[in-house]
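One structure is given below, encoded as C-alpha cells.
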Amino acid sequence: MIQNPIPWPNCAKCACAITFDMDADSLIHIAKPKDSYDRLYPITMGKYGPTVAVPRILETYRKFGLKQSFFIPGWCIEQYAGTVDRILKDGHEIGHHGWIHEDPISTAGNQREWIEKALTSYSKIVGGKPRGYRAPVYNVTQEVIDLLIEHDFKYDSSLMADDIPYRMQTTAGELYEMPVHWGTDDWPPFAHYDEIGYMMPVRGPSAGLQGFWEEFDAQYEAGGFFMLIVHPFLTGRLARWRLVEQWLEKTLETKDVWFAPLEEIQAHVEALTKSGKYTPRTDQLPYYTQPQK
Ligand SMILES: [Zn+2]
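So for the sequence shown, my numbering puts the first residue at 370; every next one is plus one.
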C-alpha cells in the first residue's frame, strides 16, 4: 500500500507515463570522444532511436490519443531537429537531459556550463524553457538541484525516495520529484553496450517487459504512479514495441488510468498542494554537506 496516495483527475486509479530518453548516439560521443565519430556500430545503434523508433512510437501514441514525455540531450535536439519537430507537432513534452549525456558526477563543479548550453538549444529549437529534467545516468547532485531551481524547473525525474511524486525543498526554493527506479527502466533487461561498460544479458521481449507490467499491477492496486523510463533504441525496437502497444491497448480498454506527460502530472500535484487538498511528502535538501564517516 501507499501511505499518502494522490487523488488523480476523474478519480482515475493510477497516473501513468511512458517516458522516453532519446539519447541517440550521444552516448558513444561522450564515452569515446577521441574516435567516436568513426565507430559506426554504436552510432547506428543510437541513430535507430530518432530515425526508426520514434516515428513508430509516435504512431502508437496518435492511435491511442496519448501525450507523453521525451527527455532529450541538447546535442541530440540540434542533431535530430526533424525528429524533435515531429514530437512537438504531436503535442508531447520535451524535457532537459543534459547537453551530450555527460554524467553530472564526472563533470561536477561545471554543471552550469553544460545545463545552460542545453537550455540555449532548447529555447532555439523547442522554444521556451523545459519544465522537467532527467539527469543522464540519474546522477543528480546538489549542484544540479540548485541550478534547476534557479532556472525555474518544476520537476526532476531521476531520484528514488518514494513510489509516487514528492517534493524537495532547499533554502532557495522547491522542486517536485517524479521518481524513477531500476525496475521500470529498460537498461537492465535490454542494454548491451560494451563501449560504455554495460553488457547486460539481453532478455527476450516478453521476459524483459514482464517486470514492468508487474510494477504496473502493484501501482494500480495501490492507486499510485506508474512510469516507464525507456529508450527508443531499446524498447522502440520492433518486437518489444509491438508488445508495449498490445499492453497499452488492453490497459486503456480495461483499466481506469490517467496517461499524461510528466509536466501535467506534476502540475496536478502542485495544484492540489496549493489548494490545500493534498500534502506531498517533502524531503529537505541537501541531504548531507560533507562525507559521512
Ligand atoms: Zn539518457
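For every residue, glycine included, the Cβ atom is placed at its ideal position computed from N, Cα and C.
Quick caveat: nothing in here was measured; it's all calculated off a predicted structure.
Using a Cβ-based criterion (distance less than 7 Å to any ligand heavy atom), does residue i qualify as near ligand 1?
{"i": "His398", "result": "no"}
{"i": "Pro558", "result": "no"}
{"i": "Asp392", "result": "yes"}
{"i": "Pro374", "result": "no"}
{"i": "His466", "result": "yes"}
{"i": "His470", "result": "yes"}
{"i": "Pro473", "result": "no"}
{"i": "Pro505", "result": "yes"}
Could you have a look at residue i and say whether DSSP puts it in helix, strand or coil?
{"i": "Leu409", "result": "helix"}
{"i": "Trp627", "result": "strand"}
{"i": "Gly552", "result": "helix"}
{"i": "Gly451", "result": "helix"}
{"i": "Phe522", "result": "coil"}
{"i": "Leu516", "result": "helix"}
{"i": "Glu471", "result": "coil"}
{"i": "Gly577", "result": "helix"}
{"i": "Leu603", "result": "helix"}
{"i": "Ile494", "result": "helix"}
{"i": "Met370", "result": "coil"}
{"i": "Lys416", "result": "helix"}
{"i": "Thr658", "result": "coil"}
{"i": "Thr476", "result": "coil"}
{"i": "Pro402", "result": "coil"}
{"i": "Leu621", "result": "helix"}
{"i": "Leu641", "result": "helix"}
{"i": "Asp392", "result": "coil"}
{"i": "Ala587", "result": "helix"}
{"i": "Lys646", "result": "coil"}
{"i": "Pro376", "result": "coil"}
{"i": "Val423", "result": "helix"}
{"i": "Thr510", "result": "coil"}
{"i": "Lys486", "result": "helix"}
{"i": "Lys458", "result": "helix"}
{"i": "Lys436", "result": "coil"}
{"i": "Ala608", "result": "helix"}
{"i": "Ala636", "result": "helix"}
Rounded to the nearest angstrom, how far is the Cβ of residue i from that of residue j, given a contact under 8 Å?
{"i": "Arg431", "j": "Asp454", "result": "Their Cβ separation, rounded to whole angstroms, is 15 Å, which puts Arg431 and Asp454 out of contact at 8 Å."}
{"i": "Leu612", "j": "Gln538", "result": "Wrong, their Cβ atoms sit about 40 Å apart, outside the cutoff."}
{"i": "Asp652", "j": "Gly593", "result": "About 18 Å separates the two Cβ atoms, so there is no contact after all."}
{"i": "Phe628", "j": "Cys385", "result": "5 Å"}
{"i": "Gln437", "j": "Pro630", "result": "6 Å"}
{"i": "Glu633", "j": "Lys401", "result": "In fact, because the Cβ distance is near 38 Å, the residues do not count as touching under 8 Å."}
{"i": "Val423", "j": "Asp472", "result": "The Cβ separation is near 24 Å, so there is no contact."}
{"i": "Gly467", "j": "Trp483", "result": "6 Å"}
Which partner residues does residue i have in the DSSP bridge list?
{"i": "Met569", "result": "Met569 pairs with nothing; no bridge assigned."}
{"i": "Met596", "result": "Ala386"}
{"i": "Thr651", "result": "Arg536"}
{"i": "Ala465", "result": "The question names Ala, but residue 465 is His in the sequence shown. His465 is bridged to Ile441, Tyr502."}
{"i": "Glu543", "result": "Gln538"}
{"i": "His561", "result": "Met568"}
So is residue i buried or exposed if we call it buried at 16+ other beta carbons inside 10 Å?
{"i": "Ile469", "result": "buried"}
{"i": "Trp551", "result": "exposed"}
{"i": "Asp404", "result": "exposed"}
{"i": "Ser475", "result": "exposed"}
{"i": "Arg606", "result": "buried"}
{"i": "Glu622", "result": "exposed"}
{"i": "Tyr406", "result": "exposed"}
{"i": "Ala393", "result": "buried"}
{"i": "Ala487", "result": "buried"}
{"i": "Thr388", "result": "buried"}
{"i": "Glu428", "result": "exposed"}
{"i": "Leu544", "result": "buried"}
{"i": "Asp625", "result": "exposed"}
{"i": "Ser527", "result": "buried"}
{"i": "Gly415", "result": "buried"}
Are the C-beta of residue i and some C-beta of chain B separated by less than 8 Å?
{"i": "Asp532", "result": "Any reference to chain B falls outside this structure, which holds one protein chain only."}
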